[in-house]
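Chains as they are written, first to last, in the numbering used here: chain U, 1 to 516; chain L, 1001 to 1306; chain R, 2001 to 2361; chain Y, 3001 to 3321.
All C-beta atoms in this analysis are idealised placements derived from N, C-alpha and C, irrespective of residue type, glycine included.
Since the structure comes first, as structure tokens, the remarks are kept for the end.
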Amino acid sequence: MAGAAGGQRVPAIELRGISKAFGPVQANRDISLTVMPGTIHGIVGENGAGKSTLMSILYGFYKADAGEIRIGGQPNQISDSQAAIRAGIGMVFQHFKLVEPFSVLENVILGVEDGRLLRPSLARARGALKRLAEDYELHVDPDARIEDLGVGMKQRVEILKALYRQADILILDEPTGVLTPAEADHLFRILENLKSQGKTIILITHKLREIMAITDTVSVMRRGQMVATLETAQTSPGELAELMVGRKVLLHMDKKPAAPGRTVLAVENLRVTDIDGVERLRGVSLSVRAGEILGIAGVAGNGQSQLLGVLGGTLRGSGTVRIEGREIDLAARDAGQSRRAAGIAHVPEDRQREGLVMEFLAWENMIFGYHHDPACQRNRALMDNAAIRAMTAERMARFDVRPPDPDLPARSFSGGNQQKIVLAREIERNPALLIVGQPTRGVDIGAIEFIHQRLIALRDAGAAILLVSVELDEILSLSDRIAVMFDGRIMGERRPEETDEKDLGLMMAGMRGKAA
Amino acid sequence: EPALIYDLGGKFDKSFNEAAFNGAERWKAETGGSYREIELQSEAQRQQALRRFAEAGLNPIVMAGFAFGSVLEEVAADYPDTTFQIIDTRVDAPNVRAIEYSEHEGSYLVGMMAAMASKSGTVGFVGGMDIPLIRKFACGYAQGVKAVNPDATVIQNMTGTTPAAWADPVKGGELARAQIAQGADVIYAAAGSTGVGVLQTAADQGILSIGVDSNQNHLHPGQVLTSMIKRVDLAVYEAFTAGADLETGYFVLGLAEDGVGYALDEHNKDLVSAEMIAAVEEAKARIVSGDLAVHDYMTDNACPVK
Amino acid sequence: MPKWADLVLIPLVSLVLAFGLSALVILAIGEDPVAAVRMMVSGALGSTYAWGYTLYYATNFIFTGLAVAVAFQARLFNIGGEGQAMLGGLGVALICLSLPWPHWALALPAAALGAALFGAAWAAVPAWLQATRGSHIVITTIMFNFIAAAVLNYLLVNVMRPIGSMDPATAKFPSGTHLPSLHDLLAPFGIAFSRAAPANITFLIAIAACVLVWLIVWRTRLGYEIRAYGQSEPAAIYAGIRPVRIVMAAMLISGALAGLMAVNNVMGEAERLVLNAVEGAGFIGIAVALMGRSHPFGVFLAALLFGFLYQGGAELALWTDIPRELIVVIQALVILFTGALDNMVRMPLERLFLALRRGRA
Amino acid sequence: MDFATVLQILDSTVRLATPLLLACLAGLFSERAGIFDIGLEGKMLASAFFSAAVAAVTGSVWLGLGAGIAASLVMAAIHGAASISFRGNQLISGVAINFLAAGLTVVIAQTWFSQGGRTPSLIGAARFEPITLPLAETLQPVPILGPIYHELISGHTLPVYLAFALVPVSWWVLYHTRFGLRLRAVGESPEALDTAGVSVVATRYAAVAICGVLCGIAGAYLATALQAGFVKDMTAGRGFIALAALIFAKWRPWQALGATLLFGFLQAIALRYQNIDLGGVVVPVQVMDALPYVLTVVILAGFVGRAIPPRAGGEPYVKER
Ligand SMILES: Nc1ncnc2c1ncn2[C@@H]1O[C@H](COP(=O)(O)OP(=O)(O)OP(=O)(O)O)[C@@H](O)[C@H]1O
Ligand SMILES: Nc1ncnc2c1ncn2[C@@H]1O[C@H](COP(=O)(O)OP(=O)(O)OP(=O)(O)O)[C@@H](O)[C@H]1O
Ligand SMILES: [Mg+2]
Ligand SMILES: [Mg+2]
């Protein structure tokens, strides 16, 4: 155990037997954790493993159902965030907790004002921010409105908030998910700097590379439980991955070489501007042929979502998109319908937000988007619910959805099974083109294999597939060609066998490939 | 058992409905009998109340307000054994007693008093809902004012065009303020409980006011010049007393029948001089005898004086 | 928590709480709740006359309740039932007065169409503003209630009032538009129903509307899309469902249903258009839809309950000193407990069921 | 229109705007904290009744005011419980409160006073008396300014001055104090406030309580200053106009003053002139009545600048689903 190396030193944080349930979901189960002062402690685990929940309990945001917390050796109830702040804990949440229309200064002083009036607090915070900026290279305009800042800057504000509160223990929940590699490197320098000043840091991340690079110790969570705590130096990514998912991880996918046919999708000079007037796609051109998978790699937020959105019909854009030679009207009103009619199937990035109606029953979801199909209709007025139910039951069996009950609401399936429902719906259409975003996000390893096999099978059956994923492993193992997106542009294309993570990483950071 | 239905504005409007209530109460006190009553909340309830009372065998059923007219025409036929009395509009049916008042005559008298009490030569009138009936009040009043002082100015305002105008004291008060600002120093309110606001403001601002329907002199003793009383109480009292044998038909009650008049009591005796009474009594005698004809607005929807 | 508990138990417990509090209010004003309930029951259910009024009110509430419920399916909160029903009345009045209708069988479909069109038109502007400009539909429909009142007020006072009439109301509709009452409808079957009560053929239309709404919402593509949009707008967009179309469709159906109420109260009962003919039925529709869990069958039951309350309350006001407003208090408590405080009931029940399940497991 | 008439109308505007202003500021505190409140009407009505009732019984307008505020606070507490503690639907809760007040006031009034749901008329010390400001009489002869001071500025009742004073006070509280910062934060992002260690529940209850107090003053003003007693439904939609004004003002105190004065002015004009003749075109009084509502719809439609409500408004704060 990590504590062994620390000898007599008092642990900065000690959690014992923490449990927490959200209704029927046991998010944390009898968790114990010890973190020594002046170290960086990593926590890894699959989506939904309970990492954020555990940290939120430590920060007083949630109340544990059972268990004990000790800070610096002292038992501490941490009844609310105020108590956590008083105990010297600061937390940067996975989803930022900032007041958007407020200025940076106002956000920084919120909750720790120096009195009933704001003026003195604001003045003091201004000075403090200046000092922190110099000490840690954390520059932000104190008068800027949060809503005008980019994600990287917002994260800086969150860190400044914690530092302004003089946190000795800093928790960062997936801080690099939204950062470019360069920004992430900058963040890690700051963390090293903080560590050297004796601060204790807990870092949650999915990226084993980061764990290996910066942490001293690492804990692994799986399904609400703490399965191991290790010295980083004495472990390997392979071991961590295995601990995370509970069995050996297959890093390679066996597949036949692709036999690309005619061009199915041809995109030229595609542009998308969001409601804030920011151009998110800046002239993307690409093509996908029948029987091949084109993987789109990139850090989240570089236009991949917009690419999927325009192709899937949830966003409007300009440029030309041709499916089997026929041009698609990018300004159509019922875009989702016309895309489906053209033969595009779409597995969205966020199944709970877009892909499914969580309150709808499985059979209702199984025709979602295709509810105008003649097969779903009994007559001109009414839908044929019985036929849809039967069709759903059959597909659920074929896709191994558990439980295979068409009359359950989507909400009551686990994440992996929800994804299978979406895939069954889209793949069973035998589409000319399947566009798919983050197909295995939050899905356990068994289901990942199943989903990957299905995608390959669809490719082999002659469909064109456009795959967007932030998981480089997934891109590398599935794609026949890889395009890298950065800042709304395609930086370049590679064949999987002629590239590696480092090469792709540089392109994802905009430092290699086509320049502006 | 007799029944009484009040119009919108409510039983305690200190005015029209309250007069009806007082009549019923007097009958109750004198005979020890009991009666049913209901205050309407909405137009749509009129029919239900009428029918329900008729179904329950109440007789006679008295309703206070012209707005029952069209409903009664329909309902009366369905209950031939029930006698209905309606006040303020004419309904011709064998089992209906319809009573109208010569409000223009009473208003003429209080108009004279207003003109005599006014120092500024400007007097006001605040009406309730803008309907011919209220114009009739206003026209009689204006004629009375001009009879005393042909140069007098009569400022006239109506509170609104819907039944809500009967129950809006705030608006009454604001209209009174406006009239006071224009120089009025006596204001006649013929506006149901809206008039309560007029009288209140007049009293607050130290000018005189004239009440309507009931004797409202007591509301602000020494500050209400008089009230144009309309003996709705008497009509209700008599109907209740007559019971089911109530004589049906159409009746108009004026000064001659003591159906309308002006109120004189301890609250306003210091405001009303002997010569005022003399002048008013003389006019009253001439009207009763037919020497003096006060124009009734409703005969031609026009008023000879402004 | 099992589904039946959510659908039946929670409304029931909420209702019991609301009625319990109402009983306390009756006690507090020095009256006897038991006697009051007895009088309400006999006054609302004790005779065919009583039933006639109860069903008449229930008919109004079915329409406004369905109106709110349909909009709720698209997660739109239509507080504008009041104004839409007012305008529906205008539609009915225009149609009934414009032609010399020979028989009600012709006048009824025309008037129903007019009511639905006018009601839908009044819902269309808030719907369009919500769909295209994101104007909060709750506020715009409230504003449209007031504007409807002003419009109707103007028309009744200045335009539609017959010459010489003092009431702000239209002329009486011609006799060719007189709808058969339940008395007329039941007489051929040998059932003696009170002649005086206003319940009429519209009650049957209301039942048909329940069935129709059920079909639309749960059996048609449009209903499927409305429900999908109501559950999740991003998902609806993903599926190619156009939000503008759904918001418009849901609100137009909702407005048409609210407008249809006028067939009952304007054409079936008053046979002329008077001010304030709606009498708050638009607001009661909210309570009805909430209690009915936005399902037509639930709406039907809740409308009967509110019809009972309304008629029972009118009887109370007639025969006792309890003011009619007591019913408004009961309504308020029902809305409060079934609509806003349902978590107060749900939270402990959920805990109970969880404990039960754990106990069994 | 002569000067005296203009003064008259403006004077009337001030009186009519006062309850709107108080209710609008009340709504501002509540909605800025993320609690939407369409129950302003009900709170005012409850306060109007209880202030009139207590003032009538005790003969003291101050006790009446206290009772009015207390009644309004009870309503606010119900709304708070429903929307903060029990995470109910705030709109439905507001609708219920409006009904509750409309019903209860009449039922209780009838029980206590047996006057058809009214209170007895208030006299003497049971009402707020107009306050003559210093030198008002002396300065009256001064041209222009004299009458303005005497007619328009002086001679109102206490709640009027209080309402106007509350505008800068509200502004200062919202933008210059710790409480204001937290209140605005909780309406925009309750989880930010929560993670900053400040209680979301307490902050929201505080805002709802302020809303209750202000609505209480508004209701008491209606019943004990503008009128002399309570009559059924006497708020007559003022709560909704205040809500409209709040949107019009885009949830800001100074703009709230402007919006309520505008709506008060519209009411004053509609009161004074039944039908307005604009050189040939006669504007019926109903147009004036409906104008505030129409204006609100136009604003909401975004044709006159967009009104963006506080982001967390209307949504209960749910940490754990
Ligand atoms: N506020 C909440 N209410 C209900 N359930 C919740 C809540 N927050 C988390 N959960 C559930 O608790 C479990 C653990 O979630 P948690 O967010 O802690 O996971 P995580 O390990 O941080 O995952 P990720 O990597 O996706 O951030 C999940 O099943 C999740 O759905
Ligand atoms: N909100 C809910 N309502 C009802 N049942 C639920 C809910 N959330 C989860 N469950 C049940 O709990 C089980 C576990 O769900 P969870 O999302 O934790 O699965 P998981 O272990 O993460 O699986 P997967 O890897 O497929 O996502 C599910 O099978 C589901 O039946
Ligand atoms: Mg997390
Ligand atoms: Mg999962």
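Which partner residues does U/Glu268 have in the DSSP bridge list?
DSSP, once it has assigned bridges, lists U/Thr320 as partnering U/Glu268.
Under 8 Å, with one C-beta from each stretch per pair, do the segment 2059 to 2078 of chain R and the segment 2133 to 2140 of chain R reach the 3-pair mark?
Yes, the segment 2059 to 2078 of chain R touches the segment 2133 to 2140 of chain R.
If you draw a straight line from the C-alpha of U/Ile214 to the C-alpha of U/Val104, how long is it?
When rounded, the distance between both Cα atoms is 29 Å.
Check the DSSP bridge columns for U/Val409 and list the partner residues they point to.
The residue you asked about is not Val; residue 409 of chain U is Pro in the sequence shown. Under DSSP, U/Pro409 takes part in a beta bridge, and its partners are U/Leu361.
Using only the heavy atoms of ligand 1, determine whether one of them is closer than 7 Å to the beta carbon of U/Phe22.
U/Phe22 Cβ: within cutoff of ligand 1.
DSSP-derived helix/strand/coil call for U/Arg9
DSSP, read as helix, strand or coil, puts U/Arg9 in coil.
Runs of 4 residues minimum, wholly inside the segment 3044 to 3109 of chain Y: which ones carry the alpha helix (DSSP H) assignment?
Residue ranges of uninterrupted alpha helix (DSSP H) with 4 or more members, entirely inside the segment 3044 to 3109 of chain Y and ordered along the chain, are 3061 to 3080.
Grab me the residues of L/Phe1053's own chain with a C-beta within less than 7 Å of its C-beta, minus the 5 sequence neighbours each way, in chain order.
The residues are Ala1003, Arg1036 and Ile1061.
Hey, Y/Gly3027 and Y/Ser3051: beta-carbon distance below 8 Å or not?
Contact: no.
Going by CA-CA distance only, name the one from U/Leu467, U/Ile159 and U/Glu174 that's closest to U/Ala167.
Checking every option, the nearest Cα to that of U/Ala167 belongs to U/Ile159.
Quick check on the DSSP output: what are the complete alpha helix (DSSP H) runs of length 4 or more inside the segment 2227 to 2282 of chain R, in order along the chain?
For the segment 2227 to 2282 of chain R, whole alpha helix (DSSP H) runs of length 4 or above, ordered along the chain, are 2233 to 2238 and 2243 to 2262.
Between U/Ser52 and ligand 1, is there a pair consisting of the residue's CB and a ligand heavy atom that are separated by less than 7 Å?
Yes, the beta carbon of U/Ser52 sits closer than 7 Å to at least one heavy atom of ligand 1.
Could you tell me which of Y/Ser3199, Y/Val3231, Y/Ser3121 and Y/Thr3157 sits nearest to Y/Tyr3317, measuring between CA atoms?
The candidate whose alpha carbon is nearest that of Y/Tyr3317 is Y/Ser3199.
Between U/Leu540 and the rest of its own chain, which residues show a CB-CB distance below 7 Å, the 5 nearest in sequence each way excluded?
With chain U running from 1 to 516 in the structure shown, residue 540 of chain U is simply not present.
Alpha carbon of U/His452 to alpha carbon of U/Asn385, nearest angstrom
So the two alpha carbons sit approximately 31 Å from each other.
What residues match up with L/Asp1213 in a beta bridge as DSSP calls it?
L/Asp1213 has L/Ile1229 as its beta-bridge partners, per DSSP.
For U/Ala49, verify whether its CB is less than 7 Å away from any heavy atom of ligand 1.
Yes, ligand 1 has a heavy atom inside 7 Å of this Cβ.
Below 8 Å, can you find three or more Cβ-Cβ pairs linking the segment 1236 to 1243 of chain L to the segment 3262 to 3272 of chain Y?
With a cut-off of 8 Å, the segment 3262 to 3272 of chain Y and the segment 1236 to 1243 of chain L do not count as touching, because too few Cβ pairs lie within range.
Work out the CA separation of U/Asp503 and U/Val218 for me, nearest whole Å.
When the Cα atoms are used, U/Val218 and U/Asp503 turn out to be separated by approximately 27 Å.
Over the uninterrupted alpha helix (DSSP H) stretch that includes R/Ala2035, give me the two end residues.
Counting along the chain, the alpha helix (DSSP H) containing R/Ala2035 begins and ends at Pro2033 to Leu2045.
What is the rounded straight-line gap between the Cα of Y/Gly3064 and the Cα of Y/Gln3227?
Y/Gln3227 has its alpha-carbon roughly 14 Å from the corresponding atom of Y/Gly3064.
Between the alpha carbons of L/Ile1005 and U/Gln377, how many angstroms are there, rounded?
Distance between the alpha carbons of L/Ile1005 and U/Gln377 is about 59 Å.
Looking at U/Gly150 and ligand 1, is the gap between the Cβ and the nearest heavy atom below 7 Å?
Shortest gap from the CB of U/Gly150 to any heavy atom of ligand 1: 7 Å or more.
Measure from the C-beta of U/Val468 to each C-beta in chain R and report whether the shortest distance is under 8 Å.
U/Val468 is outside the set of residues whose beta carbon lies under 8 Å from a beta carbon in chain R.
Taking U/Gly90 and U/Leu170 to be in contact with their CB atoms under 8 Å, please state how far apart those CB atoms are, rounded to whole angstroms.
Contact holds; Cβ gap of about 5 Å.
Among U/Ile109, U/Leu208 and U/Val310, whose alpha-carbon lies nearest the alpha-carbon of U/Ser121?
Of U/Ile109, U/Leu208 and U/Val310, the residue nearest in Cα terms is U/Ile109.
Find the residues of chain R that neighbour U/Gln337, judging by a C-beta separation of less than 7 Å, and give them in chain order.
Near U/Gln337 (Cβ distances below 7 Å), the residues of chain R are Gly2240.
So with CB distances below 7 Å, who are the chain Y contacts of U/Val99?
Going along chain Y in sequence order, the residues near U/Val99 (Cβ under 7 Å) are Ala3185, Glu3188, Ser3189 and Ala3192.
Beta-bridge partners of U/Val436, as assigned by DSSP
U/Val347 and U/Leu467, per the DSSP bridge assignment.
Neighbourhood of U/Ala362 by C-beta, 8 Å cutoff - its chain only, sequence neighbours within 5 removed:
For U/Ala362, where only same-chain residues beyond five positions count, the Cβ hits under 8 Å are Thr392, Met396, Val401, Asp405, Pro406, Asp407, Leu408, Pro409, Ala410, Phe413 and Ile421.
Just to confirm, is the Cβ distance from L/Gly1010 to L/Ala1235 under 8 Å?
Taking 8 Å as the Cβ cut-off, L/Gly1010 and L/Ala1235 do not qualify as a contacting pair.
Against chain U: residues of the segment 3196 to 3227 of chain Y by CB proximity under 8 Å:
Within the segment 3196 to 3227 of chain Y, the residues whose Cβ lies closer than 8 Å to some Cβ of chain U are Ala3196, Gly3197, Val3198 and Ser3199, listed in chain order.
If you run the structure through DSSP and keep just helix, strand and coil, what is L/Gly1290?
Note: L/Gly1290 maps to coil in three-state DSSP.
Measuring CB to CB, does L/Leu1225 end up less than 8 Å from L/Leu1208?
Against a cut-off of 8 Å, the Cβ pair of L/Leu1208 and L/Leu1225 comes out as a contact.
I'd like to confirm something about U/Gly42: is its beta-carbon nearer than 7 Å to some heavy atom of ligand 1, or not?
No, Cβ of U/Gly42 sits at least 7 Å from all heavy atoms of ligand 1.
Indicate the three-state DSSP secondary structure (helix, strand or coil) for U/Lys20 in the structure shown.
Strand, per DSSP.
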